[in-house]
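Data block below; observations after.
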DNA sequence: CGTCTAATTAGAGATTTTTCTAATTATCGT
DNA sequence: ACGATAATTAGAAAAATCTCTAATTAGACG
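Protein chains in written order, with my numbering: chain G, 144 to 247; chain D, 144 to 247.
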């Protein structure tokens, strides 16, 4: 899981909404696309970004493609974000140096 | 807290590293900038993005500016990401319709 | 095979992001 | 006031992102 790809994927509202919808179960590309005011090719690009990030997987059934949320990657991503944001841990105070030998 | 700004802020490796460093306590702009292979003005831009997102705050002490992690916003952001990624909840199965009256 | 549906890839334009150098602002100390 | 230090703003170039329309691929079915 590449955290950079995952966070870039999460940095667009449409892609976040897609993930939210897929939490209720797999859905076809077309059904997903119907929820947003952009063209289908644009949605394809967003699906591709999510797929690249590993957050979703595609499954073809006949002519229809169903996207599934990859729960494992979603959980890994969440852990990673916890690691970055600190998950509520407290740390030591300022190391302020007021006098002459000032810090950078 | 605007989740879009926060996630965009998190979508750059340098900005994530800055947050990580600030978890150990406030640091000056210059001290932070010293850790990355980019110019100081570039770092200023990154600080501005983090500040816009509310993830850090600035405090001037003489000629030096100290950045602090905004723990509250960091925690809110984490909650928001949990909401998006689902925080490990399980949901119902596929609603696959194989026959004629196919879904979109 | 021809045609219809579902979705993607191709190509291009507009906007945003990232980064740089140069100039400016703000503060301190003499 | 002057000069040094810390950091930002200004302006511009390069790269990435987002979106569109048109064309293509893939499969189903009569």
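Here a beta-carbon is modelled for each residue, glycine too, at the ideal position from N, C-alpha and C.
Where do the ends of the alpha helix (DSSP H) carrying residue i lie?
| i | result |
| --- | --- |
| residue 151(D) | 146-153 |
For residue i, which of the options has the nearest alpha-carbon?
| i | options | result |
| --- | --- | --- |
| residue 96(D) | 167(D), 219(D), 206(D), 162(D) | Outside the modelled stretch of chain D, which goes from 144 to 247, sits residue 96(D), for which no answer is possible. |
| residue 164(G) | 212(G), 219(G), 226(G) | 212(G) |
| residue 155(G) | 146(D), 157(D), 158(D), 205(D) | 146(D) |
| residue 177(G) | 160(G), 192(G), 193(G) | 160(G) |
| residue 193(D) | 206(D), 205(D), 172(D) | 172(D) |
| residue 186(D) | 205(D), 229(D), 168(D), 210(D) | 210(D) |
| residue 169(G) | 224(G), 207(G), 223(G) | 207(G) |
Where does residue i fall in DSSP's three states?
| i | result |
| --- | --- |
| residue 240(G) | Below a pLDDT of 50, predicted positions are generally treated as unreliable, and residue 240(G), at 40, falls in that range; the measurement from the model is reported next regardless. Correct three-state label for residue 240(G): coil. |
Those runs of the beta strand (DSSP E) which lie wholly inside the segment 155-237 of chain G and span at least 3 residues: 199-204, 207-212
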